[in-house]
Amino acid sequence: MRTPVAYFLLLSGILFALGTVGVLTRRNALLIFMSVELQLNAVNLSLVSFSRMHADLTGQVLAFFSMVVAAAEVVVGLAIIVALFRRRSSIDVDDARELRW
Amino acid sequence: MPLDNVVFWVFAPIAVASAIGMLVMRSAVHAALFLVVNLFCIAVMYLLLDAPFLFAVQIVVYAGAIMVLFLFVIMLLGVDSPLPIRERLRVQRPLAFALAAGFVVELFVALRAGVGFATRAPDGFDLVNAPDNTQALAEVLFRDYFFPFEVTSVLLIIAAVAVMVMAQRKARAVTQAESDAAAATMATPGAEEGPA
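Residue numbers (our numbering), protein chains in the order written: chain X, 1 to 101; chain U, 1001 to 1196.
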């Protein structure tokens, strides 16, 4: 592999930052959730890069586990969004603020 | 220019562009489709990093199953209802962009000082990956990380049951007053019609 590892890490950081911007600026619960997925994938990419850099498969195993947990997390999160929509027929996160203070 | 460099410089800009496209799209369906493109580009990066098993898993699980689930929920909740644009926190949006830009700059500086942009990965990875990636990964997973693997299966079962409980429509509990009223109506037929 000739591409320097730092390029992959920088790409992963840029994707993570874009996901953060999405979480902080969007108000649609589904789009916030997709941005969280983007962040998760960015961190997975950095895990696999470090695995390659240190010639150790543990990073890939950790990325694999994180994918499995992300699958469970997506299912639960989407069920919460569906329940929220049924209750107040809106998925704007500004509308769900009973527990804010 | 070696081939993997070419592949990286083709797919990395696509990954960044599709992430930006996901952020600026108003419609949730378009955002989801951009996210599929992004996940596919990340899968190609896994291939460049000598992880073909994760490449396959990324496409099957993320770009396949998870995004289908996302699109299913988007269609279920109705796609033609764009949210009204109203800013409650005026400072938040510029602050988010500034913090993200600061994060990328900081990461760039840290990478240059720590790893260095000229560092190439060592060549010994073929020995670790022998006889091939899937088999080597299975040995690590089922020998060193067997207990976490089993715990993961418990987690998946819990998530499946939790989702079924959370997503079902509950039958409304009948209160005592309502059942009394129903019983009274049944006892005196015609009471509801009122005076003739």
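All C-beta atoms in this analysis are idealised placements derived from N, C-alpha and C, irrespective of residue type, glycine included.
By DSSP, does residue i sit in helix, in strand, or in coil?
| i | result |
| --- | --- |
| residue 28/X | strand |
| residue 92/X | strand |
| residue 1156/U | helix |
| residue 1027/U | coil |
| residue 1192/U | Unreliable positioning characterises residue 1192/U in this predicted model, as indicated by a pLDDT of 49, which lies under 50. The coordinate reading is nonetheless provided below. DSSP places residue 1192/U in helix when its eight states are reduced to three. |
| residue 41/X | helix |
| residue 1005/U | helix |
| residue 7/X | helix |
| residue 97/X | coil |
| residue 1107/U | helix |
| residue 1099/U | helix |
| residue 1092/U | helix |
| residue 13/X | helix |
| residue 1130/U | coil |
Between which two residues does the alpha helix (DSSP H) harbouring residue i extend?
| i | result |
| --- | --- |
| residue 88/X | 58-88 |
| residue 1117/U | Neither: residue 1117/U is in no alpha helix (DSSP H) and is coded neither H nor E. |
| residue 1133/U | 1133-1143 |
| residue 1071/U | 1067-1077 |
| residue 1183/U | 1176-1187 |
| residue 1052/U | 1052-1057 |
Is there a Cβ of chain X sitting closer than 8 Å to that of residue i, yes or no?
| i | result |
| --- | --- |
| residue 1115/U | yes |
| residue 1066/U | yes |
| residue 1183/U | no |
| residue 1154/U | no |
| residue 1134/U | no |
| residue 1098/U | no |
| residue 1014/U | no |
| residue 970/U | Nothing can be reported for residue 970/U: it is not among the residues displayed for chain U, which extend from 1001 to 1196. |
| residue 1047/U | no |
| residue 1130/U | no |
| residue 1193/U | Legend: pLDDT at residue 1193/U = 49, less than 50; position of this residue unreliable, no value from coordinates given. |
| residue 1199/U | With chain U represented from 1001 up to 1196, any question about residue 1199/U goes unanswered, as that position is not in the structure. |
I'd like to know whether the C-beta of residue i is nearer than 8 Å to at least one C-beta of chain U.
| i | result |
| --- | --- |
| residue 52/X | yes |
| residue 99/X | no |
| residue 46/X | no |
| residue 32/X | no |
| residue 2/X | yes |
| residue 49/X | yes |
| residue 96/X | no |
| residue 69/X | yes |
| residue 91/X | yes |
| residue 60/X | yes |
| residue 43/X | no |
Given a cut-off of 8 Å on the beta-carbon distance, is the pair residue i and residue j in contact?
| i | j | result |
| --- | --- | --- |
| residue 81/X | residue 1073/U | yes |
| residue 42/X | residue 19/X | yes |
| residue 1122/U | residue 63/X | no |
| residue 34/X | residue 1070/U | yes |
| residue 1103/U | residue 6/X | no |
| residue 1067/U | residue 1115/U | no |
| residue 1120/U | residue 4/X | yes |
| residue 1141/U | residue 61/X | yes |
| residue 1040/U | residue 10/X | no |
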